[in-house]
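Let me begin by presenting the structure, written as structure tokens, before commenting on it.
Chains as they are written, first to last, in the UniProt record's numbering: chain A, 1 to 366; chain B, 1 to 366.
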């Protein structure tokens with residue numbers, strides 16, 4: 001399907017530029033659209049199914065746009081995100097997080113009745129739960145076996161264990177083995193590919209077909225390394241990019257679509273300005289970086305400290321001293337948890353503020 | 001006023017224990033009530049007005065309970081919090097953050113028409129804005145001069161500058177000078193008291209009365225140091241306490257009222273369990289600590305890493321290995337930004353889960 005203008009995917013409450021309150025994330029739809037199309041083109045070229053992770057933006061509008069540009073489906077990290085995305089009409093949803101516990105399995109069964117949801121598992125308890133949910137929904141729920149490939153997070157610990165779990169899934173009524181999934185740590189894609197290939201071949205020898213081999217990650221999205229075995233790619237942050245992805249080389253400043261608009265509320269000394277964005281707007285995520293964000297329009301200034309509502313800007317190194325009332329856009333270290341802090345984000349297009357839209361997949365939903 | 005039972009201050013949606021989904025903050029109302037009453041008793045004993053900072057809990061129910069137990073008023077950090085608290089019937093509100101910009105000043109004027117809101121300022125632009133809002137509201141808005149006393153954040157930089165700003169406020173129609181405010185850094189209360197005393201005396205010499213000298217901070221709330229000059233105290237985190245305040249000696253584990261309930265979703269190795277609470281539930285706040293929280297029921301385990309939805313638990317040092325499906329309560333490093341992440345928190349009393357209540361002052365409001 002050819003996507004309509006990206007702005008038509010959102011319910012927008014118009015706001016004049018001068019009346020936009022800070023702190024607030026502002027998403028440049030032109031940049032986001034370029035990022036989405038460029039990544040889709042690369043996936044098409046590689047013959048990889050594109051399954052964007054919507055945890056980054058939590059916006060049904062952007063998810064539907066990603067689908068219309070060519071995504072195979074979406075990836076979510078929790079049931080609440082899946083429910084909201086299903087409500088918005090997205091029918092191919094992979095949840096890359098173990099579902100555990102009676103209340104969540106009940107919700108999973110309800111979701112499975114109305115949409116195509118698939119899941120991951122790395123242990124027998126999760127497989128049993130998903131199977132029960134599938135039986136309750138009257139269908140088989142697809143499960144990818146999550147494999148440890150170097151990140152030291154979830155995942156079965158060897159190709160043999162992957163085969164064992166695939167066979168268990170195959171024996172579990174209400175569940176269907178559909179493939180393998182990993183989130184590779186940076187620099188481990190070749191090693192990950194070897195593990196996934198071995199697991200796939202072992203599972204084939206056992207008589208099961210691996211339809212999907214799902215890998216992901218924005219930091220190394222442009223690298224071809226170890227992609228041979230993969231059938232699909234999950235990237236999330238690429239929609240907005242952020243300061244951490246500039247550091248990994250995945251993008252440049254001009255690719256960053258989400259900035260947190262702030263106001264200078266105090267300039268108590270020549271060396272320091274205080275912004276109205278602290279850890280409740282920018283988060284304390286450092287992910288290996290120095291400082292809690294940067295101000296592209298004030299390159300020599302440093303966001304060196306945050307309190308909950310205060311951002312500390314070191315202006316000792318800049319000649320252009322900000323004044324109280326100045327509006328400064330801060331590029332956050334990590335875009336994903338910023339989206340999670342705000343009930344609404346602002347959208348801009350063609351250099352013009354369109355207004356505010358609701359971050360519809362955040363909040364009440366676990 | 002004698003407060004009613006604390007649980008009656010909340011709209012509660014009942015939830016059975018087995019149906020409570022994770023991750024979710026659970027507030028022990030017995031512990032919170034004990035913290036609130038103990039701190040009120042100390043303020044009464046010292047003759048200090050108690051002005052709790054509601055940014056910690058963002059719950060109108062707890063704020064109204066704090067008022068009924070004896071608080072003089074409340075403290076907020078942004079207009080949205082003030083608006084919601086005013087809607088809940090709280091009429092004495094101090095906002096300890098510079099108000100800047102036309103949209104916020106318009107909201108301030110509307111608030112000033114219907115409640116007693118006072119503010120802080122550390123610069124002339126903020127005074128001018130508040131004065132204009134006061135004139136628009138047809139009343140004088142009280143302003144405390146924020147003083148730098150060692151924290152290196154906001155504040156006028158000397159007692160002479162405090163006098164200068166107090167006189168400016170006095171000359172500004174729509175504004176009234178009412179006193180001094182500081183947020184002292186840990187270990188600076190004696191130095192802060194000297195600065196505040198000098199400022200107060202200079203301002204008295206200039207013919208203005210300082211009605212309020214407001215200090216605050218939970219880390220040193222039990223210390224008498226430098227309190228002589230203060231007329232009121234702002235503490236926020238003391239309602240819940242947290243891991244960081246155990247580290248400062250302000251509380252013990254048994255004083256901590258907010259825990260994040262999590263579920264073990266994977267035990268991929270003998271050394272590692274994965275919880276369903278990551279930085280989107282616990283925040284990345286370290287505030288000087290090692291690890292991202294602790295599990296009091298599993299003392300030898302360490303929350304050594306977070307991703308957005310994954311919490312990494314090092315279980316190599318414990319003999320009681322958790323299993324998939326186990327529910328573990330995590331004590332967060334910093335309670336305040338955790339409240340800010342959840343639209344609802346669970347309440348318990350007498351060891352029994354009461355249900356969920358809305359965090360009514362978070363979210364849409366800046």
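Heads up, the beta-carbon is just placed ideally off N, CA and C, and yes, glycines get one too. Note that the structure is predicted; figures quoted are calculated from it, not measured.
- Spatial neighbours of residue 14 (chain A) in its own chain (CB-CB distance under 6 Å, excluding positions within 5 residues in sequence) are listed in chain order as 355.
- Contact residues of the stretch 120-154 of chain B toward chain A are 122, 123, 125, 126, 148, 152, 153 and 154 (C-beta to C-beta distance below 8 Å).
- A contact is defined here as three or more CB-CB pairs under 8 Å, and the stretch 230-244 of chain B fails this definition with respect to the stretch 124-144 of chain B.
- Distances from the alpha-carbon of residue 6 (chain A) to those of A:60, A:175 and A:168 put A:60 closest.
- With contacts defined by Cβ atoms closer than 8 Å, residue 67 (chain B) and residue 36 (chain B) do not form a contacting pair.
- If you compare the alpha carbons of A:172, A:165, A:146 and A:222 with that of residue 192 (chain A), the shortest gap goes to A:146.
- Three or more Cβ pairs closer than 8 Å define a contact, and the stretch 195-212 of chain B falls short of that threshold against the stretch 241-260 of chain B.
- Look at residue 65 (chain B): its C-beta is not under 8 Å from any C-beta on chain A.
- Boundaries of the alpha helix (DSSP H) around residue 67 (chain A): 60-69.
- In this model, residue 199 (chain A) and residue 187 (chain A) are separated by some 20 Å (Cα to Cα).
- Residues 306, 307, 308, 309, 310 and 311 of the same chain have their beta carbon placed closer than 8 Å to that of residue 278 (chain A), with the five preceding and five following residues left out of the count.
- The beta carbon of residue 75 (chain A) sits no closer than 8 Å to any beta carbon of chain B.
- In this structure, the straight-line span from the alpha carbon of residue 302 (chain B) to that of residue 51 (chain B) is close to 36 Å.
- Taking 8 Å as the threshold, the shortest C-beta distance from residue 164 (chain B) to chain A does not fall below it.
- CA-CA distance, residue 179 (chain A) to residue 53 (chain A), rounds to 18 Å.
- With a threshold of 16 other beta carbon atoms within 10 Å, residue 304 (chain A) falls short and is exposed.
- Of all C-beta pairs linking the stretch 247-261 of chain B to the stretch 23-38 of chain B, three or more are shorter than 8 Å, placing the two stretches in contact.
- In the three-state DSSP reduction, residue 256 (chain B) falls in the coil class, being neither helix nor strand.
- Excluding its 5 nearest sequence neighbours in each direction, residue 64 (chain B) has C-beta neighbours in its own chain below 8 Å: 9, 88, 89 and 90, listed in chain order.
- For residue 310 (chain B), the closest Cβ of chain A is nearer than 8 Å.
- In its chain, beyond the 5 residues on either side, 55, 56, 236 and 237 have a beta carbon closer than 7 Å to the beta carbon of residue 336 (chain B).
- By alpha-carbon distance to residue 197 (chain B), the top candidate from B:163, B:172 and B:222 is B:163.
- As the crow flies, the alpha-carbon of residue 250 (chain A) is around 7 Å from that of residue 218 (chain A).
- Counting only runs of 4+ residues, the alpha helix (DSSP H) found wholly inside the stretch 114-178 of chain A occupies 124-137 and 159-171, in chain order.
- Counting only runs of 4+ residues, the alpha helix (DSSP H) found wholly inside the stretch 304-363 of chain B occupies 335-339, in chain order.
- Within 8 Å of the CB of residue 21 (chain B), the CB atoms of chain A belong to 101, 103, 104 and 366, in sequence order along the chain.
- Taking each of B:166, B:112 and B:353 in turn and checking the Cα distance to residue 201 (chain B), the smallest one comes out for B:166.
- Under the criterion of beta carbons closer than 8 Å, residue 343 (chain A) and residue 320 (chain A) do not qualify as touching, at roughly 33 Å.
- A direct Cα-Cα distance of roughly 11 Å separates residue 206 (chain A) from residue 160 (chain A).
- Residue 328 (chain A) sits away from residue 347 (chain A), with the two beta carbons spaced by 8 Å or more.
- The beta-bridge partner set that DSSP reports for residue 264 (chain B) consists of B:275.
- Within the DSSP secondary-structure output, residue 233 (chain A) pairs in a beta bridge with A:50 and A:215.
- Rounded to whole angstroms, residue 341 (chain A) and residue 44 (chain A) show a C-alpha spacing of 33 Å.
- The distance from the Cβ of residue 182 (chain A) to that of residue 149 (chain A) is about 5 Å, consistent with a contact at the 8 Å cut-off.
- For residue 268 (chain A), the nearest beta carbon of chain B is closer than 8 Å to its own beta carbon.
- Judged by their CB atoms, residue 132 (chain A) and residue 174 (chain A) are nearer to each other than the 8 Å cut-off.
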